[in-house]
Amino acid sequence: MKDAAGDLDAIRTGLCDILKSSPFSGLVPEVAKSDWSQATTKASRVPVCDAFPDVLELCADPVAHPLFARPMAALVDRLGWVADYPSHPVLKDRFGHAVLYASDAAVIGCNLTAAGTAYPAHAHLAKELYLPVTHSGALFWHQRAGEAFRVLPGDLVYHEAEEAHALRTSDRPALNLWLQFGDAPGGATWFVDAPDPWQ
Ligand SMILES: [Fe+2]
745 MKDAAGDLDA IRTGLCDILK SSPFSGLVPE VAKSDWSQAT TKASRVPVCD AFPDVLELCA
805 DPVAHPLFAR PMAALVDRLG WVADYPSHPV LKDRFGHAVL YASDAAVIGC NLTAAGTAYP
865 AHAHLAKELY LPVTHSGALF WHQRAGEAFR VLPGDLVYHE AEEAHALRTS DRPALNLWLQ
925 FGDAPGGATW FVDAPDPWQ
């Protein structure tokens with residue numbers, strides 16, 4: 745099997761390049777020194793991984809992110825996928841994440857939401873960035889924006905600590921790179937009672 749190190753390094757380096765010229769440049773030293781050698785040591789699948797064929801197709805689309813789509817496509821089925829909400833009637837089958845790197849300061853990984861899924865408003869102590877890898881057509885929402893919005897591959901979507909946020913996918917799955925930092929990265933998430941942002 746092909747060595748994953750080159751693909752992981754391409755993602756890590758690309759992430760540093762994007763963060764460098766963003767308001768989150770303070771994260772660059774942590775990402776630059778991070779050791780991703782454990783990312784592919786324990787591959788596992790959860791129900792949302794059934795979307796992999798569609799994800800691979802979207803990664804091959806020229807509108808997918810030029811730095812991340814190819815290496816992510818090479819890696820998706822080698823990562824340790826986890827279902828975040830194994831008891832949730834919808835999300836147990838339709839949302840999951842895989843960690844590429846974790847420390848006390850940051851968790852870096854990717855998350856995948858199946859097509860046609862509303863991920864309801866939720867929050868956590870950590871600050872969070874989503875970076876869409878594919879052109880999913882998903883709607884994003886967070887409290888500061890007030891209204892749902894769309895993004896393109898490479899756009900950074902930022903969620904403040906404890907800020908309610910939500911996501912609704914189109915007829916395509918959404919694959920995002922995902923970073924948490926600040927307090928309790930990778931810690932507990934709770935659902936928030938908020939007006940339905942998709943109305
Ligand atoms: Fe979040």
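Using our numbering, read the sequence shown as starting at 745 and increasing by one per residue.
Each residue gets a CB set at the ideal place from its N, CA and C atoms; glycine is no exception.
Quiz prompt | Runs of alpha helix (DSSP H) lying entirely within the region 825-882, each at least 4 residues, in chain order | solution = 835-838
Practice problem: Report yes if the C-beta of residue 909 is less than 7 Å from at least one heavy atom of ligand 1; otherwise report no. | Solution: yes
Quiz item: Roughly how many angstroms separate the alpha carbons of residue 906 and residue 875, rounded to a whole number?
Solution: When rounded, the distance between both Cα atoms is 19 Å.
Practice problem: Could you please give me the residues that DSSP links to residue 886 through a beta bridge? | Solution: 909
Quiz item: Are residue 859 and residue 795 closer than 8 Å when you measure CB to CB?
Solution: yes
Self-check item: Helix, strand or coil at residue 814 according to DSSP, with G and I counted as helix
Solution: helix
Quiz item: Is residue 757 helix, strand or coil when you go by DSSP?
Solution: helix
Quiz item: Can you list, in chain order, the residues of its chain whose CB lies under 8 Å from that of residue 877, leaving out five sequence neighbours each side?
Solution: For residue 877, where only same-chain residues beyond five positions count, the Cβ hits under 8 Å are 803, 808, 809, 812, 813, 816, 854, 897, 919, 920, 921.
Quiz prompt | Stretch-stretch touch, CB-based, cutoff 8 Å, three pairs: the region 886-901 with the region 830-844 | solution = no
Quiz item: Less than 7 Å between the CB of residue 906 and some heavy atom of ligand 1, yes or no?
Solution: no
Practice problem: Check whether the Cβ of residue 866 lies closer than 7 Å to any heavy atom of ligand 1, and answer yes or no. | Solution: yes
Quiz item: Using a Cβ-Cβ distance under 8 Å, would residue 768 count as near chain C?
Solution: Of the chains in the structure shown, none is chain C; there is only one protein chain.
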